[in-house]
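Asks: Numbering-wise, the sequence shown is residues -17 to 150 according to the working numbering.
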Amino acid sequence: MTGTAPLIWHGETGSEAATESLARKLAGSLVPGIALLLSGDLGCGKSVFARGVLRGLGVEEAYITSPTFTLVNLYDEGRMPVAHFDLYRVTDPDELDGVGIEEYVEGAGVVIVEWPEQGAGYDFGAVLAVRLEDDPQDPDRRRITLTAEEPLSRECLHVFEQQYAPGG
Ligand SMILES: Nc1ncnc2c1ncn2[C@@H]1O[C@H](COP(=O)(O)OP(=O)(O)O)[C@@H](O)[C@H]1O
Ligand SMILES: [Mg+2]
């Protein structure tokens, strides 16, 4: 066996703060070149998760906005540069040509992408996929699944798994 099966981590959070805390912890295991793809329905917590990652990387801005209208926000003050994309309003993957994603993918920092499916077919490189799902029984609960399929993202997820302790 050559270890090609995806590495998958499942978790749950019971509040916005818990999701942000989980994302902060994941930030600690990220390395340059990783693309965090955040998927899930509107309001499931993609922007909350992105904010946690940014804060975990040392971005101090009190209020981190989602780049829904600007497509990308860039942060240079943390442990490494971060390009946070929100592709919600992209209707044709060709629109990404003008956005400059290729300048950031597999670059010196981390790329965070909300609504990656809007860029269908785009190769984000070392992908660590984050899936957030609502719980129909509890409006504050989210099921979170992290999946890594290639060596760099698998290594990050492995480090995270070793270090993560819920609530810790
Ligand atoms: N466990 C949870 N994790 C994340 N967000 C939660 C949770 N429970 C409730 N929420 C709420 O869900 C909303 C998530 O919003 P947001 O992150 O902007 O979603 P998205 O970017 O996916 O559209 C916020 O209003 C947040 O308070
Ligand atoms: Mg959002």
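Beta carbons are placed, not taken as given, at the ideal position from N, Cα and C, and that holds for glycine. None of these values were measured; they are calculated from a predicted model.
Do the CB positions of Gly101 and Ile126 come within less than 9 Å of each other?
Replies: Against a cut-off of 9 Å, the Cβ pair of Ile126 and Gly101 comes out as no contact.
Asks: For the putative contact between Leu19 and Ala111, defined by C-beta atoms under 8 Å, what is the C-beta separation to the nearest angstrom?
Replies: Contact holds; Cβ gap of about 5 Å.
Asks: Please give the ranges of any beta strand (DSSP E) in the segment 25 to 100, keeping only runs that are unbroken, at least 3 residues long and fully inside the region.
Replies: Fully enclosed beta strand (DSSP E) runs of 3 or longer: 54 to 57, 64 to 68 and 92 to 96.
Asks: Report the three-state DSSP secondary structure of Thr1 (helix, strand or coil).
Replies: Thr1 falls in the helix class under three-state DSSP.
Asks: Under the three-state reduction of DSSP, which class applies to Pro133: helix, strand or coil?
Replies: Pro133: helix per DSSP, three-state reduction.
Asks: Would you call the segment 125 to 139 and the segment -11 to 0 in contact, with 3 or more CB pairs under 8 Å?
Replies: With a cut-off of 8 Å, the segment -11 to 0 and the segment 125 to 139 count as touching, because enough Cβ pairs lie within range.
Asks: Let me check understanding here. Comparing Cα to Cα, which of Asp122, Glu132 and Glu96 lies closest to Gly22?
Replies: Among Asp122, Glu132 and Glu96, the Cα nearest to that of Gly22 is on Glu96.
Asks: Need the endpoints of the beta strand (DSSP E) that Thr(-5) sits in, please.
Replies: Thr(-5) -> beta strand (DSSP E) spans Leu(-11) to Thr(-5).
Asks: Could you give the distance in angstroms between the alpha-carbon of Ser135 and the alpha-carbon of Ala17?
Replies: When rounded, the distance between both Cα atoms is 8 Å.
Asks: CB of Ala162 to nearest heavy atom of ligand 1: below 8 Å?
Replies: Given a span of -17 to 150 for the chain in the structure shown, any question on residue 162 remains unanswerable.
Asks: Going by DSSP, name the residue or residues bridged to Val112.
Replies: Val112 pairs with Leu20 and Leu128.
Asks: Beta carbon of Ser21: closer than 8 Å to some heavy atom of ligand 2?
Replies: Outside the cutoff, so no.
Asks: Using the DSSP secondary-structure output, state which residues sit across from Asp120 in a beta bridge.
Replies: Paired residues: Asp117.
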